[in-house]
Structure formats: structure tokens, C-alpha cells
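Student: This is the structure, below, for whatever I ask next.
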Amino acid sequence: MAPASHQHKPALLDRGGDAETRAERASSHQKKAMAEKQRQGLNVEEGSSGAAGKLVCVTGASGYIASWIVKLLLDRGYTVHGTVRDTADPNKTLHLRALDGANDRLHLFNANLLEEGSFDAAIDGCECVFHAASPVFFAAKDPKAELLDSAVSGTLNVLRSCKKASVRRVVITSSMASVIVNGKPRTPDVIVDETWFSLPELCKKNQQWYTLSKTLAEEAAWKFSKDNEQEIIVMNPTMVIGPLLQPTLNASVEAVLNLINGSSPTCPNYAHGWVNVRDVALAHILAYEVPSANGRYCIVERVAHYSELVKIICKMYPNIPLPDKCADDEPLFPTYQVSKDKIRSLGMELIPLETSIKETIESFKEKGFVAF
């Protein structure tokens, strides 16, 4: 289970602009990339300085995390192949086509997780693949079909395409779900790190199908990596919040929306790890750009109980009606710690939870999910 030490025809966007314009855009993207590196305390000569002209692929490009990966890659000067289920669906593509640099350097492809070979065209010629495509249904009616098959078979289908194309490094979006469900206590003095792995048997016993899907998919990826000498890096983010690029809600930001839209007088008696989507996207890219990157990366800014989120929101938006009690009378679910040592090795300091909550709510307002 432990990770190794190393690890259709495309629907193209219209190209536009003359060589001078493209050169100006590339220069602008390089400046943005260096500024972002400086924000993170990185050496600006490393990584993004060589991005111009490099071809990479992002699977599931329309998703919450993936669309931010695409955005930051374009900002850094990369040419990006993005896969979506249907390139003709505006909900899957318009927010991607609107990104700065998309006209020249973003190409969208149809691909299906359950169709072996459907990622071949998108991945061909790419130096790195960011595999972010995965089903997210916490209450699946048919967990095997909706979650397990898609997550495991989909991951292997993408990796097979990567092997065919001799991709140098694959960065896989997993989850803290594949880290923390192992029966160990999670209390304030406990520090979770990358050596923790969720146990499939316990996930099944608890009927945690999403957690099981991420756990089995990650296990399958590490086995493929070992058997095929394919270098992979696995990112394990927690509940991801922050600004949305896509026009639709996703499960993690909806957890914040449910606190502020008056849908319930109570908040869940539970503690999650939380992290900003911009940090998650940047971590994926640095996992490719930093040569020494390896293994797994837990990406958690802070573990906080829902009641703490309510207090933070109340200070920022005192006029919003918020839940005033937990959903049950049990003692508050304990918080715990997650090590930041590994993610800091990429040069990152994570955005504070308060900022992430503010960005999430302002994004809700901008996109019309709330009106206040």
C-alpha cells in the first residue's frame, strides 16, 4: 500500500492572434507565474520559468479543482489539453473557454472514465497529466456503479493512456478520505500525516462509499505505478472551498452554502479539514514542477468544527441568520491536526481558513447562489 519512492478526435478551441500578440501574452503569463511563486516564497527561476511551450493534460477539466488547475497552468504559460465528458455542454466548457490564454493554449477533448483509450488523444504528447476526474456522490444510490467502478477503472484507464504516451509524471487528485478512515483516534493531540491510509474494510463496514472509492482508486494507482514504473504523485486535499470558476455548485462548497442560506437551524456536529481551492490547484502544479516532489501530500490548512465556521461567518456577516446549535446533543466532535511538513516542502504556506470562507461567500454572491 505504501507509495513508491519515485514515483475521438479532439474538439479544439479556435486559435487567435498573431505571433507578436502571442509573445506578449506569454510574457504576461510568465510575469504572473513569477509573482505567484514570490507569493509562495519560491525561487522564481524554478518551475514555471520553463513552462512556455510545455504541453500538459488535465482530466475532468470542468470540475472545481480541475478548472483552477487549468487556470493556473494557463497563467504560467503552459499549453493545456483538458478532458470533459461533453465538449458541446456549455456548463462544462464556457468557464474554461473564458480563461485568459484559453484561445491560444487550451484544447478540449471528449473523454469518459469508463472507456479505455478515450484519454489517449488528450494525453498524447503531454509531459505531465493532472488526473482530477472522479465521481463525487456522497449518497450514491448504487455505490458500485456510481463511485467504485468510475473511480478505480477511471484511474487505471487514465494511467494506461499515460503509459502509452510515456508521460513523465502523473499528479493524481485523491482526498483526505483515503487517509483518515483507519480506526485510529482523531483528537486534538493527534497529528495525521501522509503515512496514514484508510482501510477499505472499515469504509465498507461504515458504508462510506465515497471514501472507499478514493481509497481503492489510490491503492490501484500505487500498484500500477510499481508494476509499470510510472511516476505518480498523489494529492490528498480535504474539504475544498474558495472561489468558484464553474457555474454549478459542488459538494464541498455547498457545505458552506448550507450554513448561510437558512436551509437548516442547526449545523452538523462534525469537524473537517478545510483548504482553499487556489492552494490545492497550485500544489498540484508544484508537484509537477518541483523535481524532488514525491509520494503523497496532505493538503489541509486547518481542521475546524462547523460551529467554528459559524462563528467566523458571524463576525464577517453579522446580519446573516446562522444556525445557533448543532444537529444533535452529543459532545462536539473533536478536532485534530494534520501535518503541513510535506506540503511546505513544495514551498507553500496555505491560505488562512478565514480568507477561504470569505472568498467562498463572495463567490456565492457573485454567481447568484445567495442574495444579501
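Each residue of the sequence shown is one higher than the last, beginning at 3 in our numbering. In this text, a Cβ means the ideal position worked out from N, Cα and C, and glycines have one as well.
From the DSSP output, read off the bridge partner residues of lysine 327.
Tutor: Answer is Thr268, bridged to lysine 327.
Student: What are the boundary residues of the alpha helix (DSSP H) that includes cysteine 205?
Tutor: First-last of the alpha helix (DSSP H) with cysteine 205: 202-207.
Student: Given a threshold of 16 other Cβ atoms within 10 Å of its Cβ, counted over all protein chains shown, does alanine 124 qualify as buried or as exposed?
Tutor: Its Cβ being crowded by 16 or more others within 10 Å, alanine 124 is buried.
Student: Which class does serine 163 belong to by DSSP, given the choice of helix, strand or coil?
Tutor: Correct three-state label for serine 163: helix.
Student: DSSP on leucine 355, reduced to helix/strand/coil?
Tutor: Helix.
Student: Grab me the residues of alanine 179's own chain with a C-beta within less than 6 Å of its C-beta, minus the 5 sequence neighbours each way, in chain order.
Tutor: Hits under 6 Å: Thr213, Lys216.
Student: Give the list of continuous alpha helix (DSSP H) stretches no shorter than 4 residues that lie fully inside the segment 174-241.
Tutor: If we require 4 residues or more, the alpha helix (DSSP H) runs fully inside the segment 174-241 come out as 179-182, 202-207, 211-230.
Student: CA-CA distance, proline 249 and lysine 367?
Tutor: Taking the straight line from one Cα to the other gives about 12 Å.
Student: Do phenylalanine 374 and isoleucine 314 have their C-beta atoms closer together than 8 Å?
Tutor: Against a cut-off of 8 Å, the Cβ pair of isoleucine 314 and phenylalanine 374 comes out as no contact.
Student: In chain order, which alpha helix (DSSP H) runs of at least 4 residues are fully inside the segment 283-353?
Tutor: As far as the segment 283-353 is concerned, its whole alpha helix (DSSP H) runs of at least 4 residues are 308-318, 343-346.
Student: So which of Leu247, Ser176, Asn184, Thr61 has the shortest CA-CA distance to asparagine 159?
Tutor: If we check each option's Cα against that of asparagine 159, Thr61 comes out closest.
Student: Alpha carbon to alpha carbon, what distance is there between phenylalanine 132 and histidine 286?
Tutor: If I take the Cα positions, the gap works out to 7 Å.
Student: Going straight from the alpha carbon of lysine 344 to that of glutamine 210, what length do you get?
Tutor: C-alpha separation (whole angstroms): 27 Å.
Student: With distance defined between alpha-carbon atoms, name the residue in Asp88, Ile193, Cys269, Ala100 nearest to aspartate 331.
Tutor: Nearest C-alpha to aspartate 331: Cys269.
Student: Let me check understanding here. Comparing Cα to Cα, which of Ala90, Asp88, Asp106 lies closest to aspartate 77?
Tutor: Comparing Cα-Cα distances from aspartate 77 to each of Ala90, Asp88, Asp106, the minimum goes to Asp106.
Student: When the Cα atoms are used, what is the spatial distance from aspartate 191 to lysine 56?
Tutor: Approximately 44 Å between the Cα atoms of the pair.
Student: Around the Cβ of arginine 298, are there at least 16 other Cβ atoms within 10 angstroms (buried) or fewer (exposed)?
Tutor: It counts as buried.
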